[in-house]
Amino acid sequence: MVTVTVKRNERNGIEEITISGHAHAGKHGSDVVCAAVSAVSLGTINSADLLLGSNPNVQFAEREGGYIHWKVGDCPDPLISEKQQLLAESLVISLFMIAETNGKYVSIQDPKWQGGV
């Protein structure tokens, strides 16, 4: 199962997003749930990097896969930080949409969206 954990600050801003595990919704290389989670996650992080030039603080398990950790609240520039928050919220909503139709394979813990989006 893919587990998404969102850590928020006192203003409900996203501090960190951790995505771990494998969906096991299909054969290795043919798992569309895992592919969807990877695509929206990596696409969002690449957007933060390329569009904002924010050089996001991200850790990956490159070799074995199944792990992404993004420290969203790590940006000192307030304008870029605000835009990064918007991208991060969009990522969380996209992941909730994937989980909504694939709840057997994706679990999300986020204090802001406990009941879903």
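For the sequence shown, full-length UniProt numbering gives the first residue as 1, with consecutive numbering after it. Just so it is clear, CB atoms sit at the ideal spot from N, CA and C, and this is done for glycine as well. Since we're looking at a predicted model, the values are computed, not measured.
Residues sharing a beta bridge with residue i, DSSP
i	result
R8	I14
T3	S20, S107
Beta carbon of residue i nearer than 9 Å to that of residue j
i	j	result
H28	V2	no
V72	I14	yes
I108	V92	yes
V58	I98	no
Residue i in three-state terms, based on DSSP
i	result
K71	strand
S30	coil
N57	strand
E82	helix
D49	helix
Candidates the options: closest to residue i by CA position
i	options	result
E64	K104, S20, S41	S20
V60	L50, I45, G53	Sequence inspection shows Phe at residue 60; the Val mentioned does not correspond to that position. The candidate whose alpha carbon is nearest that of F60 is I45.
S90	N102, G103, W113	W113
Supposed contact pair residue j and residue i - C-beta distance, whole angstroms, cut 8 Å
i	j	result
I32	I17	Per the sequence presented here, residue 32 reads as Val, with Ile not at that position. So it is not a contact: roughly 21 Å between Cβ atoms.
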